[in-house]
Amino acid sequence: MRPADRALLLLVAGGCAFGLCFVDAARLRAAAGADEAERTRLVAQLRLTDLALFTEARYTRHPSQADLHSAFQDHPLALEHFPTGSLISPPAGLLKVGAGDTAAAEGSAAK
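All residue numbers in the sequence shown are consecutive under our numbering, ending with 186.
Structure, rendered in structure tokens:
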């Protein structure tokens, strides 16, 4: 067997494995669809809020449920204690409010 044949065989085997990943994902999605109604009922029964994205600190679990000042509870210039705090940005509404306040302040100063 030539080296090129071995490389082709390896490439075909890798392509088949890649294709089987998609087949397995479709199978798992179909199986999970049956459990979705049960999960929805459980969420309603337990009165759960939003999805928990991270498990480290209360302000990184979900941005909509965050206490925005808890990251700086030691002092205003405190360094981030948890790595997940650098993975998510502040909620878009908070950024819009800050930009609007700055624009409003500049507009009132110009008058």
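For each residue, glycine too, the CB sits at the ideal point set by N, CA and C.
Bear in mind that the values here come from a model prediction, so they are computed numbers and not experimental data.
- prompt: How many whole angstroms separate the CB atoms of residue 131 and residue 157, which I take to be in contact at a CB cut-off of 8 angstroms?
  reply: Numbered from 1 along the sequence shown, position 56 holds the residue referred to as residue 131. Numbered from 1 along the sequence shown, position 82 holds the residue referred to as residue 157. With 8 angstroms as the limit, residue 131 and residue 157 qualify as a contact, their Cβ atoms being about 4 angstroms apart.
query: Can you tell me the Cα-Cα spacing of residue 109 and residue 103, whole angstroms?
result: Reading the sequence shown from its first residue, position 34 is the one you call residue 109. Reading the sequence shown from its first residue, position 28 is the one you call residue 103. Looking at the two C-alpha atoms, the distance is approximately 10 angstroms.
Residue 111 in three-state terms, based on DSSP: For the purposes of this step, residue 111 is identified with residue 36 of the sequence shown, where counting begins at 1. In this structure, residue 111 counts as helix in the three-state DSSP scheme.
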